[in-house]
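>
In the numbering used here, the protein residues as written are 85 to 299.
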């Protein structure tokens, strides 16, 4: 059992021309459906502002990593709605999705712009080694270090079978800033501390808290 804070980290693209349907699904159904599940804390959605691909970055925070392998959560993924099925078949592209634990956190205040640095297995240790210097990045409001906590032996969900197998990360460093200018000024120091990682700068689209969903 893993009682560490959980993170479901997702990057994906949207088929060109499908943006209206994609946003209608996320805002009108999917975000609320996921964040409303027991054990979920919040969901946050971002879009790239530097040309990074995949274009969209989303993460869900859960009370524990175990929430992301709970029977209720797995049942939801096994029974996609008609709208989810259509989006997965026709709009969703280039998916990276990984269950993570939050290993470290620095700062408390969230910002409107984030830099996310994704690590493959061979590079994940860089984040841990560089953590002290990363937390000194100029203008940094908050930083988190996530490490993969993918459950062993789980078959692909019905949603993943529809869209195709997901790519995975081994770890991620996420840094939050007030605005684009402050993120831009910090990006060089983060890139220097984490050579070889895939860096992207994203602006916040929306946030939904579990406590805000009416019962």
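We treat Cβ as the ideally placed atom computed from N, Cα and C, and that holds for glycine.
Pick out the complete alpha helix (DSSP H) segments inside the stretch 170 to 243, 4 residues or longer, and give them in chain order.
209 to 218
> Only counting the same chain, and skipping five residues up and downstream in sequence, which positions put a Cβ closer than 6 angstroms to that of residue 189?
228
> By the DSSP assignment, the beta strand (DSSP E) with residue 132 in it spans what residues?
For residue 132, the enclosing beta strand (DSSP E) stretches over residues 124 to 132.
> Is DSSP giving residue 287 helix, strand or coil here?
Strand.
> I'd like to know whether the C-beta atoms of residue 139 and residue 184 end up nearer to each other than 8 angstroms.
no
> Leaving out the 5 sequence neighbours to the left and right, which residues in its chain are closer than 7 angstroms to residue 177 when beta-carbon positions are compared?
96, 97, 98 and 99
> My guess is that residue 242 and residue 122 are in contact by the Cβ rule of under 8 angstroms, so how many angstroms apart are they, rounded?
Contact flag wrong, Cβ pair sits at about 20 angstroms.
> Among 152, 144 and 128, which one has its Cα closest to the Cα of residue 236?
152
> Who does residue 97 pair with in a DSSP beta bridge?
DSSP, once it has assigned bridges, lists 177 as partnering residue 97.
> Let me know if residue 181 comes out buried or exposed under the rule of 16 or more other beta-carbons within 10 Å of its beta-carbon.
buried
> Is residue 113 helix, strand or coil when you go by DSSP?
helix
> If we ignore side chains and look at the alpha-carbon of each, how far apart do residue 109 and residue 173 end up?
If you take the alpha carbons of residue 109 and residue 173, they lie about 13 angstroms apart.
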